[in-house]
Amino acid sequence: MAKDLGQFSSKLDVPEALTFDDVLLRPKESRVEPDDAELTTRVSKHVELNVPVLSAAMDTVTESELAIAMAREGGLGVLHRNMTVEETVAEVERVKRAHELVIRRENVVTVDPDDTVSEADRLMEREGVSGAPVVDDDDVVLGIISGTDIRPYLEVGEEDAVREAMTDEVITAPEGVEPREALELMYDHKIERVPIVADGDRLVGLVTMGGILQRREHEAAARDDDGRLLAGVAVGPFEEERAVAADEAGADVLFIDCAHAHNLNVLDSAEAIKGTVDADVVVGNVGTREAAEAAVGFADGLKVGIGPGSICTTRVVSGAGMPQMTAISEVADVAVEHGVPVIADGGIRYSGDAIKALAAGADAVMLGSYFAGTEEAPGRVITMQGKKYKQYRGMGSVGAMKSGGGDRYLKDADEDEEFVPEGVEAATPYKGTLASELYQLTGGMRSGMGYVGANTVPEVHERAEFVRVSSAGQTEGHPHDVMITDEAPNYSPSE
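Heads up: take any position in the sequence shown, counting from 1, add 4, and you land on the working numbering.
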């Protein structure tokens, strides 16, 4: 007769937890062609994406350039928070301004006529625009200044006033102008921007050639109700000021950015933030059924991942964590009953991992290292042994924590104290554009949908079944018994 387990030995009578390599999707009868599979999904209660992919809120992954690229392709970039509140606002505004057909007055970069040419040049470079209306104190349009106007003055008269360099014959359009009419004005007058005016040349908006062309080129972009690109922003659990500022700047989703959101102080603060902003609030990270139950009552989304990231050392440093497939399924069991979307954050190396995450109950996936090597990522380019790499570091690494990310891990340290990091600093191969990487990722996900006979993400949830895989099965699933001579764009043997 077996003895009853004692207080401590019973702790080792444990359930099994699985991650991506432990399972495969079971192929099923299907009429679904991968190219026809639909990837539209919700990332929070009120925000929908055209592809179920987010870029991680890491300071070597997502700033405005990559966030714009993500939204153009139908996904969502989540701006990191290792910056000042003012910088966060500026980053959000850059994203929201990028594809506006009619840029609102509050988002139009303008120049004072008494500024120097060099000041105007620095402003335009900082804001990422190639030209700007020149306005007086009453917002009356006096002229337009562009890079073409500025360049000669930078050589011989950079301290001259803008009013000397600007083009003062301005073609304007009335409030309510249709984009097509504005485009015809630009075509007729061979110009690239048209100020929108009301009440005697008072600036109320701006239409640019770039905005119109970008809209045509990226028809599947993720946009808000006003046609602007979607923007996500990470905020600390105790950063109400950043949350309110990002919300007022136009952020669509705020992500409570904490490694362990099943902390009562974090939950209380997150709920308070939810009550002060209009944007959706996603709470993370969580990894258990109990954590989901604690947050699902107020959260607009739940983000899952306790230590699965490639640069995360949480599990070996703290001894705590949850293998990602089990974490996703436990959280999704709770979330689905409340209509709350689930985001799987971390551990995804291949497109097959991403579709497995959806099959386990996630509505979208978040990736860091996958995008850290792209052209648009802010990490520094380095060369090692003749190959290009980009800097990539975990937000729990010493460098990131010193830059302001320590409270993500509920840690604070004085300047003279040492951090206890839960991440490393590394390098990832340079990959090219985000669009090409995302194409491979979503293409693989669509292939997986074809294998299980699912035409939509909800159908993946309904139809997908798993089989367990042995270590021999894992080996069999990768290229074996050959030497790869030409690497595929979506597979690397070194991973």
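Glycine residues also receive a C-beta, built at the ideal position from the N, C-alpha and C atoms.
- Secondary structure at A348: strand, using DSSP grouped into helix, strand and coil.
- At a cut-off of 3 residues, the continuous stretches assigned as beta strand (DSSP E) that sit fully inside the segment 304-385 are 305-308, 346-349, 368-371.
- In the three-state DSSP reduction, F24 falls in the helix class (H, G or I).
- If you ignore the 5 residues before and after G377, its C-beta comes within less than 6 Å of the C-beta of K394, T432, P433, Y434, K435, all in its own chain and listed in chain order.
- Judged by DSSP in its simplified three-state form, V471 adopts strand.
- In this structure, E188 is the residue among E188, A169, L70, E168 with its C-alpha nearest to the C-alpha of I175.
- DSSP, read as helix, strand or coil, puts E182 in coil.
- Between the alpha carbons of L271 and E441 lies a distance of about 35 Å.
- Contact annotation: V338 and E297 have beta-carbon atoms nearer than 8 Å.
- The alpha-carbon of N459 is positioned some 21 Å away from that of M370.
- The shortest C-alpha to C-alpha distance from V464 to any of V471, G454, L80 is the one to G454.
- A check of alpha carbon separations from E97 across V138, H84, M170, V112 identifies V112 as the nearest.
- Under the criterion of beta carbons closer than 8 Å, I359 and G452 qualify as touching, at roughly 3 Å.
- Taking C-beta atoms under 8 Å as the contact rule, I148 and R197 qualify, at a distance of about 7 Å.
- Of the residues assessed, K307 falls on the buried side of the cut-off, its CB having 16 or more other CB atoms within 10 angstroms.
- V115 sits close to L127, with the two beta carbons spaced by under 8 Å.
- In the structure shown, Q444 adopts helical secondary structure according to DSSP, grouped into three states.
- Judged by DSSP secondary structure, S273 falls outside any beta strand (DSSP E) and instead within the alpha helix (DSSP H) spanning 268-278.
- Contact between N289 and G309 holds, with the beta-carbon distance rounding to 5 Å and staying under 8 Å.
- A direct Cα-Cα distance of roughly 28 Å separates E104 from D261.
- Rounded to whole angstroms, the separation of the alpha carbons of D142 and Q444 is 50 Å.
- Counting the other CB atoms within 10 Å of its CB gives F259 a total of 16 or more, which places it among the buried residues.
- DSSP places G215 in the uninterrupted alpha helix (DSSP H) bounded by 213-221.
- When the Cα atoms are used, V51 and H342 turn out to be separated by approximately 16 Å.
- For L438, the secondary structure class from DSSP, reduced to helix, strand or coil, is helix.
- For the 8 Å CB-CB criterion, Y495 and Y354 form a contact.
- Runs of the alpha helix (DSSP H) lying entirely within the segment 38-112, each at least 4 residues long, are 68-76, 89-102 in chain order.
- Note that the C-beta distance between G365 and P312 is not below 8 Å.
- Judged by DSSP in its simplified three-state form, K391 adopts strand.
- The beta-carbon separation of T23 and M329, rounded to 5 Å, stays under the 8 Å limit for a contact.
- For R101 and I72, the gap between their C-alpha atoms comes out near 10 Å.
- In this structure, L233 places its C-beta atom within 8 Å of the C-beta atom of A226.
- Ranked by how close their Cα comes to the Cα of G79, the residues V286, L438, V473 have L438 in first place.
- Under the three-state reduction of DSSP output, L210 falls in the strand class.
- Counting along the chain, no alpha helix (DSSP H) covers V115, and no H or E run does either.
- The continuous alpha helix (DSSP H) containing P156 extends over residues 151-160.
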